[in-house]
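Below is one structure, written out as structure tokens; comments come after it.
Below, the structure is given as structure tokens:
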């Protein structure tokens, strides 16, 4: 197998959605944390020049955060469907992955069964982050336009926004690390940056997917 | 030590003249607002950032006769306020005299208190991005004067004094009023740790559109007592796990290399 041979892993629209959400999420996180606890507020608020600006930036980014996946969806709906088809084809190999991965995470060598385009962990990440993002956006708009909604709904949106923020941020921390500095991450960063990965890496890490791609 | 103050609102004596509302605006320098009739006599729907107290008028029909029941709305100055718990910027505080106040310097108008007050009292001025509500005329009461609404009340429906004195008066009045109004009851003494504004009602709270048992909403408990103090630690935990992995993966890799490299 030629080491220079590459296969397409992520389309332009998927990469646009991924990196667009990376930027908007991080800005939303830090502008939002100004209101999470008074202590965090004291540290973070001056960075944005006060609560009024932080709130304005948060709202502008929120609109971007909502529009970006919708644009990607409109450009490449088929790709979106393919992603979720793979995520929900959760089988024995994915469960084995999830059971063994904690060991690999800390550096122990384990035998992992062949994975599809997304491994068991990536499937979990897809579900948790997407659910959190949808709930963050919905609860955010309810709080933004609170006069239009029943008080009880508005009240519950505050803890929901907080819980989803925590879940999404945990996933982002782990995902960011696994996609870059973890020794096993290898080509995965380039898959999302350039769109292509080395064929031998694909064959090794996502054997099921590689077979499908090369056969067709 | 400052003694706890209290305002006793004896709704059985209120005539609905609204002088309290006007006196409040005069003392606190609040502009008049344009409004329109909602029901027969009612023009004010709720407190606003410029109207901190108002009277709601309720028609009670019994044996073919109609009676007006009045209710004075303003901040209740709870002992254990939800607004204070909800505020993300520590702008709301309690005074020793029992009042719940918004520090306008710290208020950022986020509206978290607006959404979490069980009576929906505080309101945000959208232009100034500051939230306002009744201050209990703290500047007056801490300088030996009565609150503006109490000082102006003609039928003697409003009383101001030390908490114990007001509670005793409320109980006496309740006993008197009960003869004609069997459903009469005190309102506020059991709510939110006890309120600084204590009411004598002639009917059930629901008749006035008031919550029967105002409490801190469970969403606020989840948010402030669970998610905020404990949930947030999941993030440093995720970062710590990544940092640990960064180190251990490299140690294990190096050990394997030195073992297999020979």
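Chains as they are written, first to last, in the working numbering: chain L, 242 to 457; chain R, 8 to 269.
Idealized CB from N, CA, C, for every residue including glycine.
This one's a predicted model, so the numbers in the text were calculated from it and none came from an experiment.
Boundaries of the alpha helix (DSSP H) in which residue 132 of chain R is found, first to last residue: That residue, residue 132 of chain R, is in no alpha helix (DSSP H); its beta strand (DSSP E) goes 130 to 132.
Proximal residues of chain R, C-beta to C-beta of residue 407 of chain L below 8 angstroms: Result: 234, 238, 239, 241, 242.
Beta-carbon gap between residue 205 of chain R and residue 174 of chain R smaller than 8 angstroms: Yes, the pair counts as a contact, with Cβ atoms nearer than the cut-off.
Proximal residues, the region 118 to 134 of chain R versus chain L, C-beta separation under 9 angstroms: Residues of the region 118 to 134 of chain R whose Cβ lies closer than 9 angstroms to any Cβ of chain L, in chain order: 118, 119, 121, 122, 123, 127.
Residue 168 of chain R in three-state terms, based on DSSP: In the three-state reduction of the DSSP assignment, residue 168 of chain R falls in the strand class.
Straight-line gap, residue 130 of chain R to residue 114 of chain R (C-alpha atoms, nearest Å): Between residue 130 of chain R and residue 114 of chain R, the C-alpha separation is close to 12 angstroms.
Beta-carbon gap between residue 18 of chain R and residue 207 of chain R smaller than 8 angstroms: In contact: residue 18 of chain R and residue 207 of chain R (Cβ atoms closer than 8 angstroms).
CB contact below 8 angstroms: residue 242 of chain L versus chain R: Interpretation of residue 242 of chain L is limited by its pLDDT of 49, a score under 50 that renders its predicted location unreliable; no figure is taken from the coordinates.
Near-chain R residues of the region 344 to 355 of chain L (beta-carbon distance less than 8 angstroms), N- to C-terminal order: Residues 346, 347, 348, 349, 350.
Top-ranked residue by Cα proximity to residue 356 of chain L, from L/372, L/347, L/328: Proximity to residue 356 of chain L across L/372, L/347, L/328 peaks at L/328, based on C-alpha coordinates.
Beta-bridge partners of residue 110 of chain R, as assigned by DSSP: None; residue 110 of chain R has no bridge partner.
Alpha-carbon to alpha-carbon, residue 245 of chain L and residue 367 of chain L: If you draw a straight line from the Cα of residue 367 of chain L to the Cα of residue 245 of chain L, it is about 29 angstroms long.
Which listed residue (R/86, R/179, R/214, R/106) has its alpha carbon closest to that of residue 74 of chain R: The shortest C-alpha separation from residue 74 of chain R is found at R/214.
Residues from the region 142 to 153 of chain R in contact with chain L, defined by Cβ distance under 8 angstroms: For the region 142 to 153 of chain R, the set of residues with a beta-carbon nearer than 8 angstroms to any beta-carbon of chain L is empty.
Residues that residue 258 of chain R contacts on chain L, provided the C-beta gap is smaller than 8 angstroms: Under a criterion of Cβ atoms nearer than 8 angstroms, the residues of chain L adjacent to residue 258 of chain R are, in order, 348.
Segment limits, alpha helix (DSSP H) that includes residue 146 of chain R: Note, residue 146 of chain R: alpha helix (DSSP H), 145 to 148.
Rounded straight-line distance, which links the Cα of residue 417 of chain L to that of residue 55 of chain R: Rounded to whole angstroms, residue 55 of chain R to residue 417 of chain L spans 47 angstroms at the Cα level.
Chain R contacts from the region 432 to 448 of chain L (Cβ-Cβ distance under 8 angstroms): Those would be none; no residue qualifies.
Residues from the region 382 to 405 of chain L in contact with chain R, defined by Cβ distance under 7 angstroms: Contacts with chain R (Cβ-Cβ distance below 7 angstroms) from the region 382 to 405 of chain L involve 387, 392, 395, 396, 397, 399, 400, 403, 404, listed in chain order.
Beta carbon proximity, residue 115 of chain R to chain L, threshold 8 angstroms: By this cut-off, residue 115 of chain R is an interface position.
Run of the beta strand (DSSP E) containing residue 192 of chain R, from where it starts to where it stops: Start and end: 192 to 194.
Length of the line joining the Cα atoms of residue 32 of chain R and residue 167 of chain R: Roughly 19 angstroms between the two C-alpha positions.
Residue environment, residue 245 of chain R, which counts as buried when at least 16 other CB atoms sit within 10 Å: Residue 245 of chain R comes out buried.
Residue-chain proximity (residue 370 of chain L, chain B), Cβ-Cβ < 8 angstroms: The chain labelled as chain B is not found among the protein chains of the depicted structure, namely L and R.
Under 7 angstroms (Cβ pairs) to chain L, residues found in the region 85 to 102 of chain R: From the region 85 to 102 of chain R, only 95, 96, 97 have a Cβ closer than 7 angstroms to chain L.
Spatial neighbours of residue 377 of chain L in its chain, beta-carbon cut-off 7 angstroms, leaving aside the 5 residues before and after: Here the set comprises 402, 405, 406, 409.
CB contact check: residue 424 of chain L to chain R, cutoff 8 angstroms: It does: the Cβ of residue 424 of chain L has a partner Cβ on chain R nearer than 8 angstroms.
Beta-carbon proximity check, residue 260 of chain R vs residue 279 of chain L, cutoff 8 angstroms: No. Outside cutoff.
Rounded separation between residue 61 of chain R and residue 310 of chain L - CA only: Looking at the two C-alpha atoms, the distance is approximately 48 angstroms.
Proximity of residue 440 of chain L and residue 249 of chain L at Cβ, strictly below 8 angstroms: No, the Cβ-Cβ distance between residue 440 of chain L and residue 249 of chain L is not below 8 angstroms.
Inter-stretch contact at 8 angstroms, needing at least 3 Cβ pairs: the region 118 to 132 of chain R / the region 146 to 160 of chain R: Short answer: they don't touch.
Segment contact flag, the region 138 to 150 of chain R with the region 77 to 84 of chain R, C-beta cutoff 8 angstroms, min 3 pairs: Using a C-beta cut-off of 8 angstroms, the region 138 to 150 of chain R makes contact with the region 77 to 84 of chain R, since at least three inter-stretch Cβ pairs fall below that distance.
Check whether residue 285 of chain L and residue 306 of chain L have beta carbons under 8 angstroms apart: Result no, Cβ atoms of residue 285 of chain L and residue 306 of chain L do not sit closer than 8 angstroms.
CB contact below 8 angstroms: residue 269 of chain R versus chain L: Below a pLDDT of 50, predicted positions are generally treated as unreliable, and residue 269 of chain R, at 43, falls in that range; the measurement from the model is reported next regardless. Cβ-Cβ to chain L under 8 angstroms: no for residue 269 of chain R.
Interface residues of chain L facing residue 245 of chain R [CB-CB closer than 9 angstroms]: What residue 245 of chain R touches in chain L: 410, 411, 412, 413, 414, 415, 418.
Min CB distance residue 265 of chain R to chain L below 8 angstroms: Closer than 8 angstroms to the CB of residue 265 of chain R there is not a single CB belonging to chain L.
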